[in-house]
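The UniProt record's numbering puts the sequence shown at residues 1 to 476. Cβ atoms here follow ideal geometry from the backbone N, Cα and C, with glycine treated the same way. This report refers to the structure that appears directly beneath it.
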Amino acid sequence: MSGTVFTRMVSVGRSTRTVKCRSKGMGPKLINRLVRNAAGVHPLARNWTFLRLLAGRLVTNAGDSIYYVAALWLVHDLGNSTVYTGIASFLILLPSTLQFVVGPLVDRLQVRTSLVVTQAGQALLIGTIPLAASYDLLSVELVLVVIPLASLLNQVTYPAQSSALPRAVEDEHLSTANSVFNAAHEGVNMTFNAVGGLLVGMAAVGAVGALVIDVGTFALAIVLFAGLTLPARTRREDAPDRAAPEAGESSAAPNSLRAQIRAETRSYVAEFRDGISYLRGTAFLGVILPQIVISFAMGMLLAVLPAYAALRGGSGLYGILLSGLAAGALVGSIAAARLDSVPYGHFIIAGSALTAAAWIGAAIAQWTPLIVGCFAVAIAYPGGNRVLFDTLVQTVAPEDLIGRVSSSMATLTNVATPFGSLAGGVVAAAVGPVAILWIAAAANLLVMLYFLARSSIRALPPVASVERRDERIENF
Numbered sequence: 001m002s003g004t005v006f007t008r009m010v011s012v013g014r015s016t017r018t019v020k021c022r023s024k025g026m027g028p029k030l031i032n033r034l035v036r037n038a039a040g041v042h043p044l045a046r047n048w049t050f051l052r053l054l055a056g057r058l059v060t061n062a063g064d065s066i067y068y069v070a071a072l073w074l075v076h077d078l079g080n081s082t083v084y085t086g087i088a089s090f091l092i093l094l095p096s097t098l099q100f101v102v103g104p105l106v107d108r109l110q111v112r113t114s115l116v117v118t119q120a121g122q123a124l125l126i127g128t129i130p131l132a133a134s135y136d137l138l139s140v141e142l143v144l145v146v147i148p149l150a151s152l153l154n155q156v157t158y159p160a161q162s163s164a165l166p167r168a169v170e171d172e173h174l175s176t177a178n179s180v181f182n183a184a185h186e187g188v189n190m191t192f193n194a195v196g197g198l199l200v201g202m203a204a205v206g207a208v209g210a211l212v213i214d215v216g217t218f219a220l221a222i223v224l225f226a227g228l229t230l231p232a233r234t235r236r237e238d239a240p241d242r243a244a245p246e247a248g249e250s251s252a253a254p255n256s257l258r259a260q261i262r263a264e265t266r267s268y269v270a271e272f273r274d275g276i277s278y279l280r281g282t283a284f285l286g287v288i289l290p291q292i293v294i295s296f297a298m299g300m301l302l303a304v305l306p307a308y309a310a311l312r313g314g315s316g317l318y319g320i321l322l323s324g325l326a327a328g329a330l331v332g333s334i335a336a337a338r339l340d341s342v343p344y345g346h347f348i349i350a351g352s353a354l355t356a357a358a359w360i361g362a363a364i365a366q367w368t369p370l371i372v373g374c375f376a377v378a379i380a381y382p383g384g385n386r387v388l389f390d391t392l393v394q395t396v397a398p399e400d401l402i403g404r405v406s407s408s409m410a411t412l413t414n415v416a417t418p419f420g421s422l423a424g425g426v427v428a429a430a431v432g433p434v435a436i437l438w439i440a441a442a443a444n445l446l447v448m449l450y451f452l453a454r455s456s457i458r459a460l461p462p463v464a465s466v467e468r469r470d471e472r473i474e475n476f
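Here you go:
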């Protein structure tokens, strides 16, 4: 065969390969044109490792959304009481408070192994529910046992994916890759919360059928993650040696998983104390303490959503309401970028008032589009405030304390949500689900009045105007 041989460097994931091409006549022009066209495609779109991770992310997000909607609705249907949905919501949310323990586990396991094992474990656990239903053995107690175990396994999934991302893409594309992951997370949550509600509401599918579909998403995720190949971790120069112990050494060496988790726990407690110590006397504490009340109220709302949806429209409305919450949070976080020039004190006062008004509207409304709109508006301010408040902390706090301060504040607010769910289920059993919306509105009104009553909070400057160790924030 005659012709000219051309070589071109082609990107494949994080590596490049030399490809030889034999052609005649117009070969060089054709190949050059193909190279120019390929250059116009973003490198992430040609990175198969990243694309496999992203596909796995999309599938696991879809499965999580369907599982959350179907499981809570099933508990509502079987238990016929908000007490049970409150317990279920508590059991789903509580494992997220143990994230600090997951880190050492993720660091020691292979990413592919951890992802495949957790997906398989969740598939087996959730599969017991349809299996029990087929033998007429399904009970609310079984669902309440499965829920926390599946949720606990799920705590490994997202940290493992996050730890894989820097190894899958080049450093200069890491920010874009994270943005794509986050956008995919929010978009899939919005879509599949609604899909989960529709599946649960379909007579031919129902909550049990939706969980069968959910098991299918875990099976697909296993296939995607099983084929994942990543470069070896880059070992830090100061990292401890994790080689296997020599003969005669105890297996309970200081670098064992148990010792590492104990060390991680002690470190977490110490960092929490450091964070709280810094927060004292700053504006951060004056803002975050009322947010604990809001987080508690939000937990109450999550617990009674199935009962409220049943009262206003059924399981289909439940999924749509969850989608409305996700959409509102997304819009709020996007809008926050344009609000950093507004005085922060004015922003949180107006936001609290708007959220209270939205919950009042949701408590009164009977028309479904208006209800969904009120839910979206009610969560828009918390979504935007999270972005602005995080920016405030990252800008003002000492650089060596940012992680500890953020972790301490997250602990304070996150712990309140599951316990709010527990309380919300009990209270709603006595006064009804609509009353919980009025309680949420009252909580936001009280927070607004608290902010109004403190001149130092009213005078908080725009986020865009603050600087490192800003006295207007630290000397509060």
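(request) Could you tell me whether the stretch 257-277 touches the stretch 402-419, where touching means 3 or more Cβ pairs closer than 8 Å? (result) yes
(request) Using beta-carbon positions only, say whether Q155 and L98 come within less than 8 Å of one another. (result) Sequence index remark: in the sequence shown, residue 155 carries index 155 (1-based). Sequence index remark: in the sequence shown, residue 98 carries index 98 (1-based). Yes, the Cβ-Cβ distance between Q155 and L98 is below 8 Å.
(request) Would you mind working out which of V293, F90, F50 and L211 sits nearest T176, comparing C-alpha positions? (result) Counting from 1 along the sequence shown, the entry for residue 176 is found at position 176. Measuring from the Cα of T176, the nearest candidate turns out to be F50.
(request) Return the Cβ separation of G201 and G316 in integer angstroms, given the expectation that the two are a contact with Cβ distance under 8 Å. (result) Stepping through the sequence shown from its first residue, residue 201 is reached at position 201. Stepping through the sequence shown from its first residue, residue 316 is reached at position 316. G201 to G316, Cβ: 4 Å. Contact.
(request) Quick one: grab the DSSP three-state call for P95. (result) Counted from its first residue, the sequence shown places residue 95 at position 95. Here P95 sits in helix by DSSP.
(request) Inspect the beta-carbon positions of I126 and V188 and report whether they are closer than 8 Å. (result) The residue labelled residue 126 in the question sits at position 126 within the sequence shown. The residue labelled residue 188 in the question sits at position 188 within the sequence shown. Going by C-beta atoms, I126 is not nearer than 8 Å to V188.
(message) Would Q119 and A45 qualify as a contact pair, given that the criterion is a beta-carbon distance under 8 Å?
(response) Counted from its first residue, the sequence shown places residue 119 at position 119. Counted from its first residue, the sequence shown places residue 45 at position 45. No.
(message) Given a cut-off of 8 Å on the beta-carbon distance, is the pair T82 and A307 in contact?
(response) The sequence position of residue 82 within the sequence shown is 82, counting from 1. The sequence position of residue 307 within the sequence shown is 307, counting from 1. Yes.
(message) Using the Cβ count rule (16 or more neighbours within 10 Å means buried), how would you classify L449?
(response) Taking the sequence shown and counting its residues from 1, the one referred to as residue 449 is at position 449. Burial call: exposed.
(request) With DSSP collapsed to three states, give me the class of S461. (result) Taking the sequence shown and counting its residues from 1, the one referred to as residue 461 is at position 461. The amino acid occupying residue 461 in the given sequence is Pro; Ser does not appear at that position. In the structure shown, P461 sits in coil (DSSP, three-state: anything other than H, G, I, E or B).
(message) Quick test of the definition: if touching needs 3 or more C-beta pairs under 8 Å, does the stretch 367-384 touch the stretch 320-333?
(response) yes
(request) Count the other C-beta atoms from every protein chain shown that fall within 10 angstroms of the C-beta of L30, then say buried if there are 16 or more, exposed otherwise. (result) Position 30 of the sequence shown, counted from the first residue, corresponds to residue 30. The predicted position of L30 is uncertain, since its pLDDT is 47 and thus under 50; a value taken from the coordinates is nonetheless stated next. That one is exposed.
(request) Under 8 Å by Cβ, that's how I've got F218 and Q122 pegged, so tell me the actual separation to the nearest angstrom. (result) Residue numbering aside, residue 218 sits at position 218 when the sequence shown is read from its first letter. Residue numbering aside, residue 122 sits at position 122 when the sequence shown is read from its first letter. The pair is a contact, with the Cβ atoms about 5 Å apart (cut-off 8 Å).
(message) Assuming Y68 is part of the alpha helix (DSSP H), what are its boundary residues?
(response) Residue 68 sits at position 68 when you count from the first residue of the sequence shown. Taken as a continuous stretch (DSSP letters only), the alpha helix (DSSP H) holding Y68 covers W48 to G79.
(request) Indicate whether the contact test is met: 3 or more Cβ pairs, each with one atom in the stretch 128-142 and one in the stretch 49-64, closer than 8 Å. (result) no
(request) May I ask you to verify whether the stretch 339-349 touches the stretch 450-460, counting CB pairs closer than 8 Å and requiring at least 3? (result) yes
(request) Look at P130 and L211 and say whether their C-beta atoms are less than 8 Å apart. (result) By 1-based counting over the sequence shown, the position of residue 130 is 130. By 1-based counting over the sequence shown, the position of residue 211 is 211. Yes, they are a contact pair.
(request) Hey, could you find the ends of the alpha helix (DSSP H) A207 is sitting in? (result) Locating residue 207 in the sequence shown gives position 207, counting from the first residue. Start and end: G206 to A226.
(request) Report the three-state DSSP secondary structure of P231 (helix, strand or coil). (result) Here residue 231 corresponds to residue number 231 of the sequence shown, with the count starting at 1. P231: coil per DSSP, three-state reduction.
(message) Within the continuous alpha helix (DSSP H) that includes T355, where are the two ends?
(response) Numbered from its first residue, the sequence shown carries residue 355 at position 355. Where T355 is concerned, the enclosing alpha helix (DSSP H) stretches over Y344 to I364.
(request) Report all residues from its chain with a CB closer than 8 Å to the CB of L230; omit the five preceding and five following residues, and keep chain order. (result) For the purposes of this step, residue 230 is taken as the residue at position 230 of the sequence shown. Hits under 8 Å: T49, V111, R112, A164, R167 and A168.
(request) Let me know if S267 comes out buried or exposed under the rule of 16 or more other beta-carbons within 10 Å of its beta-carbon. (result) On the sequence shown, position 267 is the one that residue 267 refers to. So S267 ends up on the exposed side.
(request) Report back the beta-carbon spacing between F284 and V393 to the nearest angstrom; my notes put them in contact at under 8 Å. (result) In the sequence shown, counting from the first residue as 1, residue 284 sits at position 284. In the sequence shown, counting from the first residue as 1, residue 393 sits at position 393. Right, their Cβ atoms sit about 7 Å apart.
(request) Output the boundary residues of the alpha helix (DSSP H) element that contains L301. (result) For this step, residue 301 is matched to residue 301 along the sequence shown. Per DSSP, L301 belongs to the alpha helix (DSSP H) from A283 to R312.
(message) Restricting to Cα atoms, I'd like to know which of L53, V434 and D340 is closest to L224.
(response) Within the sequence shown, numbered from 1, the residue matching residue 224 stands at position 224. Among L53, V434 and D340, the Cα nearest to that of L224 belongs to L53.
(message) Using a Cβ-Cβ cutoff of less than 8 Å, which residues in the same chain neighbour A464 once the five nearest sequence positions on both sides are dropped?
(response) Along the sequence shown, read from residue 1 onward, the residue named residue 464 stands at position 464. So the list reads D340 and S341, once near-sequence residues are dropped.
(message) If I measure Cβ to Cβ from S323 and keep anything under 6 Å in the same chain, skipping five residues before and after, which residues do I get?
(response) Looking up residue 323 in the sequence shown gives position 323. Same-chain partners within the cutoff: M190, N193 and A194.
(message) For a test of the three-state rule: what should DSSP assign to F476, helix, strand or coil?
(response) The residue labelled residue 476 in the question sits at position 476 within the sequence shown. Residue state, collapsed to three classes: coil.
(message) By the three-class DSSP mapping on this structure, what secondary structure does M202 have?
(response) The count along the sequence shown starts at 1 and reaches residue 202 at position 202. In this structure, M202 counts as coil in the three-state DSSP scheme.
(request) Check whether the Cβ atoms of residue 556 and A428 sit closer than 8 Å, and answer yes or no. (result) In the structure as shown, the chain begins at 1 and stops at 476. Residue 556 is therefore absent and cannot be evaluated.
(request) State yes or no: is the C-beta of A440 within less than 8 Å of the C-beta of L388? (result) Here residue 440 corresponds to residue number 440 of the sequence shown, with the count starting at 1. Here residue 388 corresponds to residue number 388 of the sequence shown, with the count starting at 1. No.
(request) Return helix, strand or coil for A430, following the three-state DSSP convention. (result) Numbered from 1 along the sequence shown, position 430 holds the residue referred to as residue 430. Reduced to three states, the DSSP call for A430 is helix.
(request) Give the C-beta separation of G313 and P418 to the nearest angstrom, bearing in mind that I take them to be a contact with Cβ-Cβ under 8 Å. (result) One-based indexing of the sequence shown puts residue 313 at position 313. One-based indexing of the sequence shown puts residue 418 at position 418. So it is not a contact: roughly 27 Å between Cβ atoms.
(message) Quick check on P398: buried or exposed, where buried means 16 or more other Cβ atoms within 10 Å of its Cβ?
(response) For the purposes of this step, residue 398 is taken as residue 398 along the sequence shown, with counting starting at 1. Answer is exposed; the Cβ neighbour count stays below 16.
(message) Checking 8 Å against the spacing of the C-beta atoms, do G281 and I457 come in under that value?
(response) Along the sequence shown, one-based indexing puts residue 281 at 281. Along the sequence shown, one-based indexing puts residue 457 at 457. The answer is no: Cβ separation not under 8 Å.
(request) Pick helix, strand or coil for Y135, following the three-state DSSP scheme. (result) Mapped onto the sequence shown, residue 135 falls at position 135. The answer is coil: DSSP assigns Y135 none of H, G, I, E or B.
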